[in-house]
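Residue numbers (our numbering): 9 to 59.
Cβ coordinates follow ideal geometry from the N, Cα and C atoms, glycine included.
Predicted, not measured: the structure shown is a model, and the values here were computed from it.
First comes the structure, then the notes that go with it.
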Amino acid sequence: MITYEILSKTKDGKLVAVVSSEAKSKKEALRQTANFCYMMDIEVHSVRAVK
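Structure representation (structure tokens):
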């Protein structure tokens, strides 16, 4: 399992990690956090693997 961070862009253009998840792929990590992002009205910018 790899830890992934879901990133969102702030109004001033900075990227911030809003949630992290352990998953086998970026797609799976996005699926695992989709409901949280929807409920919190978070627009996902990208997903990155954390070392």
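Item: Alpha helix (DSSP H) runs wholly inside the region 30-58, at least 4 long, in chain order; Value: 34-47
Item: Exposed unless 16 or more other CB atoms sit within 10 angstroms - verdict on T11; Value: exposed
Item: Inter-residue CB distance, K17 and H53 (contact presumed, cutoff 8 angstroms); Value: 5 angstroms
Item: Buried/exposed call for A57, threshold 16 Cβ in 10 Å; Value: exposed
Item: Expected contact under 8 angstroms - CB spacing of A31 and A37 to nearest Å; Value: 4 angstroms
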